[in-house]
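Those protein sequence lines, which keep their order, are chains A and B. Here full-length UniProt numbering is used: position 112 in the first sequence is 112, and no number is missing along the way. Here full-length UniProt numbering is used: position 22 in the second sequence is 22, and no number is missing along the way. Below is one structure; the comments refer to it alone.
Number of protein chains: 2
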Amino acid sequence: MSRWEPNARGRLEQAALELYSERGFDQTTVEEIAKRAGLTERTFFRHFADKREVLFAGAGSLQEFFVSTLASTPDSAAPIDAIAATLEAVSALFRERREHARQRQAVIAANAELQERELIKLASLASALADALRRRGVTEPTASLAAEAGIAVFKIAFERWINEANQRDLSHLIRESLDELKAVTAGT
Amino acid sequence: MSRWEPNARGRLEQAALELYSERGFDQTTVEEIAKRAGLTERTFFRHFADKREVLFAGAGSLQEFFVSTLASTPDSAAPIDAIAATLEAVSALFRERREHARQRQAVIAANAELQERELIKLASLASALADALRRRGVTEPTASLAAEAGIAVFKIAFERWINEANQRDLSHLIRESLDELKAVTAGT
Chain A
1 MSRWEPNARG
11 RLEQAALELY
21 SERGFDQTTV
31 EEIAKRAGLT
41 ERTFFRHFAD
51 KREVLFAGAG
61 SLQEFFVSTL
71 ASTPDSAAPI
81 DAIAATLEAV
91 SALFRERREH
101 ARQRQAVIAA
111 NAELQERELI
121 KLASLASALA
131 DALRRRGVTE
141 PTASLAAEAG
151 IAVFKIAFER
161 WINEANQRDL
171 SHLIRESLDE
181 LKAVTAGT
Chain B
1 MSRWEPNARG
11 RLEQAALELY
21 SERGFDQTTV
31 EEIAKRAGLT
41 ERTFFRHFAD
51 KREVLFAGAG
61 SLQEFFVSTL
71 ASTPDSAAPI
81 DAIAATLEAV
91 SALFRERREH
101 ARQRQAVIAA
111 NAELQERELI
121 KLASLASALA
131 DALRRRGVTE
141 PTASLAAEAG
151 IAVFKIAFER
161 WINEANQRDL
171 SHLIRESLDE
181 LKAVTAGT
């Protein structure tokens with residue numbers, strides 16, 4: 001019997017998200033996820049440490065992408081412009097994933113523990129961006145403020161992207177939110 | 001025997017913070033906290049649900065103070081000015097509490113679970129401020145952006161306040177961080 005299971009990871013993710021949406025996260029077992037995906041529990045655990053990890057498995061590579069993209073922006077760019085360019089590049093990762101992102105967010109919004117995990121993910125992203133800015137020679141508190149502002153813009157644009165009826169591009173909403181933040185802090 | 005225990009709550013807080021600093025949060029028991037404060041466990045549980053709550057008991061009233069202060073700023077104030085006035089008023093609450101705040105932050109920084117709880121506190125504050133701005137007629141995404149920016153400024157100013165050797169006023173550091181955020185978002 002072959003162990004080759006085409007796109008096992010993607011099938012497990014899809015099955016998990018469906019079940020979390022239908023029954024709630026707490027009411028879903030790994031056994032059920034594996035069964036829905038037509039795979040075994042053993043295969044599940046080759047891909048994910050636990051059922052929560054299915055929702056956060058991408059957090060590490062998202063953070064790496066943020067940091068490497070920021071590192072590749074020209075040194076001459078002002079911190080906020082480097083952050084803006086980074087957020088725009090990141091938005092391309094989500095282009096075909098709006099429905100997935102919307103479902104995932106709904107599952108997280110329904111569960112306090114998952115909300116906490118999501119907050120930690122965002123705080124960790126902000127902290128990694130501030131580190132990356134400091135490596136570019138940006139001093140404190142500028143590095144932390146630019147990073148926190150960037151993550152706030154990303155978070156708010158992302159929420160608008162998955163919740164608004166008219167499906168505008170995430171990159172468009174990021175630019176708009178950043179302009180809005182500029183206007184807000186300018187007091188206009 | 002009298003049940004009157006002068007400033008039991010304050011004594012428990014002080015004893016808990018000392019023990020968390022000396023031994024670590026996980027290694028401290030409620031029994032030890034009560035003993036150090038010269039009180040009973042029963043008294044501890046009249047004041048706090050558990051040992052974690054000692055560190056976060058003020059979160060609810062801090063949030064109420066944030067929201068009521070924001071509500072009392074003139075309607076004519078721009079969102080960012082209303083937030084700035086609110087942060088300045090809040091900073092007065094901490095004036096005599098720098099050493100306490102410094103100790104508390106060190107205990108939290110040493111424990112992942114407490115860091116999560118602190119993140120939730122800050123996210124909840126941002127969300128309450130955004131609500132309060134919407135009640136003033138501020139629309140989205142401006143309300144959320146102003147609130148997130150305000151909490152980022154508060155968090156960063158607070159960290160500088162407890163960590164910097166030269167003890168500047170928290171209110172001074174809040175103004176400075178807000179000016180810095182304005183400069184950052186303006187791209188200068």
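Think of the CB as a built atom: it goes at the ideal place given N, C-alpha and C, for glycine as much as any other residue. Here the structure is a predicted model, which is why all the values come from computation and not from measurement.
Expressed to the nearest angstrom, what Euclidean distance is found between the alpha-carbon atoms of A/T16 and A/K51? Translated into positions along the first sequence, residue 16 of chain A becomes position 16. Translated into positions along the first sequence, residue 51 of chain A becomes position 51. What sits at residue 16 of chain A in the sequence shown is Ala, not Thr. When only Cα atoms are considered, A/A16 and A/K51 end up about 8 Å apart.
Note down, in chain order, every chain A residue with its Cβ under 7 Å from the Cβ of B/R160. Here residue 160 of chain B is taken as the residue at index 160 of the second sequence, counted from 1. By Cβ distance, chain A contributes P141.
Let me know if B/G150 comes out buried or exposed under the rule of 16 or more other beta-carbons within 10 Å of its beta-carbon. Against the second sequence, residue 150 of chain B aligns to sequence position 150. Looking at its Cβ environment, which holds 16 or more other Cβ atoms inside 10 Å, B/G150 is buried.
For B/S61, the first and last residue of its enclosing alpha helix (DSSP H): Position 61 of the second sequence, counted from the start, is the residue given in the question as residue 61 of chain B. A59 to A71 is the span of the alpha helix (DSSP H), which, as asked, contains B/S61.
Contact check, A/K155 vs A/L122, beta carbons under 8 Å: Translated into the one-based positions of the first sequence, residue 155 of chain A becomes position 155. Translated into the one-based positions of the first sequence, residue 122 of chain A becomes position 122. Result yes, Cβ atoms of A/K155 and A/L122 sit closer than 8 Å.
Curious, which full-length alpha helix (DSSP H) runs of at least 4 residues does the stretch 96 to 175 of chain B contain? Correct list: 98 to 109, 112 to 135 and 142 to 163.
Does B/S177 come out as helix, strand or coil in the three-state DSSP assignment? Residue mapping note: residue 177 of chain B aligns to position 177 of the second sequence, counting from 1. Three-state DSSP puts B/S177 in a helix.
Buried or exposed: where does A/P6 fall if 16 or more other Cβ atoms within 10 Å of its Cβ makes it buried? Within the first sequence, numbered from 1, the residue matching residue 6 of chain A stands at position 6. With fewer than 16 other Cβ atoms within 10 Å, it is exposed.
Flag this pair as yes or no: are the beta carbons of A/R42 and A/L19 separated by less than 8 Å? In the first sequence, counting from the first residue as 1, residue 42 of chain A sits at position 42. In the first sequence, counting from the first residue as 1, residue 19 of chain A sits at position 19. Taking 8 Å as the Cβ cut-off, A/R42 and A/L19 do not qualify as a contacting pair.
Cβ of A/S177 less than 8 Å from any chain B Cβ? If you number the first sequence from 1, residue 177 of chain A lands on position 177. Interface residue, yes.
Please check the pair B/A183 and B/L173, which I expect to be a contact at CB under 8 Å, by giving their CB distance rounded to whole angstroms. Along the second sequence, one-based indexing puts residue 183 of chain B at 183. Along the second sequence, one-based indexing puts residue 173 of chain B at 173. Not quite, the Cβ-Cβ distance comes to about 15 Å (not below 8 Å), so this is no contact.
Taking Cβ to Cβ, would you say B/L39 is nearer than 8 Å to B/A8? Within the second sequence, residue 39 of chain B is the residue found at index 39, counting from 1. Within the second sequence, residue 8 of chain B is the residue found at index 8, counting from 1. Result yes, Cβ atoms of B/L39 and B/A8 sit closer than 8 Å.
Assigned secondary structure, A/R36 (DSSP; H/G/I helix, E/B strand, else coil): Here residue 36 of chain A is taken as the residue at index 36 of the first sequence, counted from 1. DSSP places A/R36 in the helix class (H, G or I) of the three-state scheme.
Looking at chain E, is there any beta carbon in it that lies within less than 8 Å of the beta carbon of A/G137? Considering every chain present, this structure includes no chain E. Its protein chains are A and B.
Contact list for B/D81 against chain A, beta-carbon separation under 9 Å: Here residue 81 of chain B corresponds to residue number 81 of the second sequence, with the count starting at 1. What B/D81 touches in chain A: G187.
Contacting residues, own chain, Cβ-Cβ under 6 Å from B/A77 (five flanking each side not counted): Within the second sequence, numbered from 1, the residue matching residue 77 of chain B stands at position 77. Result list for B/A77: empty, nothing under 6 Å.
Here's the rule: buried if 16 or more other CB atoms are within 10 angstroms of the residue's CB, otherwise exposed. What is residue 221 of chain A? Because residue 221 of chain A is not part of the residues shown, which for chain A are 1 to 188, the question remains open.
CA-to-CA distance, A/L145 to A/G137, given in whole angstroms: Working through the first sequence from its first residue, we reach residue 137 of chain A at position 137. Working through the first sequence from its first residue, we reach residue 145 of chain A at position 145. So the two alpha carbons sit approximately 14 Å from each other.
Local conformation of B/D81 per DSSP, three classes: Walking along the second sequence from the start, residue 81 of chain B turns up at place 81. Note: B/D81 maps to helix in three-state DSSP.
Here's a check: name, in chain order, each residue in its chain whose Cβ is nearer than 7 Å to the Cβ of A/F44, leaving out the five neighbours to either side. In the first sequence, residue 44 of chain A corresponds to position 44, counting from 1. Spatial neighbours of A/F44 in its own chain (CB-CB distance under 7 Å, excluding positions within 5 residues in sequence) are listed in chain order as L12, V30, I33 and A34.
Does the beta-carbon of A/A186 have 16 or more other beta-carbons within 10 angstroms, so that it is buried, or is it exposed? Along the first sequence, one-based indexing puts residue 186 of chain A at 186. When all chains shown are included, A/A186 counts as exposed.
Starting from the C-beta of B/I80, find all residues in its chain whose C-beta is less than 6 Å away, skip the five residues before and the five after it, and write them out in chain order. The residue given as residue 80 of chain B occupies position 80 in the second sequence. Correct list, in chain order: A146.
Given a cut-off of 8 Å, decide if A/A57 and A/F66 are closer than it, judged by their beta-carbon atoms. Working through the first sequence from its first residue, we reach residue 66 of chain A at position 66. Working through the first sequence from its first residue, we reach residue 57 of chain A at position 57. Taking 8 Å as the Cβ cut-off, A/F66 and A/A57 do not qualify as a contacting pair.
Can you pull out the residues from the UniProt domain "HTH tetR-type" (6 to 66) of chain B whose beta carbon lies closer than 7 Å to at least one beta carbon of chain A? none
Distance, Cα to Cα, A/S171 vs A/A89? By one-based count along the first sequence, residue 171 of chain A stands at place 171. By one-based count along the first sequence, residue 89 of chain A stands at place 89. Taking the straight line joining both Cα atoms gives about 8 Å.
Just the Cα atoms here: how many angstroms apart are B/A71 and B/D131? Start at 1 with the first residue of the second sequence, and residue 71 of chain B comes out as number 71. Start at 1 with the first residue of the second sequence, and residue 131 of chain B comes out as number 131. CA-to-CA, the gap between B/A71 and B/D131 works out to about 10 Å.
Which residues in chain A have a C-beta closer than 7 Å to the C-beta of B/E116? List them in chain order. Stepping through the second sequence from its first residue, residue 116 of chain B is reached at position 116. Within chain A, the residues near B/E116 are E116 and I120.
Starting from A/S144, find everything on chain B with Cβ-Cβ shorter than 7 Å and list it in chain order. As a working mapping, residue 144 of chain A is identified with position 144 in the first sequence. By Cβ distance, chain B contributes I156.
Pick from A/R46, A/Q14 and A/A128: whose alpha carbon is nearest that of A/Q63? Residue mapping note: residue 63 of chain A aligns to position 63 of the first sequence, counting from 1. The shortest Cα separation from A/Q63 among A/R46, A/Q14 and A/A128 belongs to A/A128.
Supposed close pair A/R98, A/Q167 - CB separation, criterion 8 Å: For the purposes of this step, residue 98 of chain A is identified with residue 98 of the first sequence, where counting begins at 1. For the purposes of this step, residue 167 of chain A is identified with residue 167 of the first sequence, where counting begins at 1. Between A/Q167 and A/R98 the Cβ distance is about 7 Å, and since that is below 8 Å, they are a contact.
Spatial neighbours of A/R104 within its chain, please: C-beta separation below 8 Å, excluding the five flanking residues on both sides. For the purposes of this step, residue 104 of chain A is taken as the residue at position 104 of the first sequence. The residues are L17 and L55.
A/A84 burial status per 10 Å Cβ neighbour count (16 or more: buried): Translated into positions along the first sequence, residue 84 of chain A becomes position 84. By the neighbour-count rule (16 or more Cβ atoms within 10 Å), A/A84 is buried.
DSSP state of A/F44, grouped into three classes? By one-based count along the first sequence, residue 44 of chain A stands at place 44. Helix.
So, with DSSP's three-state summary, where would you put residue 266 of chain A? Outside the displayed range of chain A (1 to 188) lies residue 266 of chain A, so it cannot be described from this structure.
Same chain, Cβ closer than 8 Å to B/Q115, neighbours up to 5 away in sequence not counted: Walking along the second sequence from the start, residue 115 of chain B turns up at place 115. These residues qualify, in order along the chain: I108 and A109.
DSSP three-state assignment for B/T28, whether helix, strand or coil: As a first step, residue 28 of chain B must be located in the second sequence, where it is residue number 28. Of the three classes helix, strand and coil, the one that applies to B/T28 here is coil, per DSSP.
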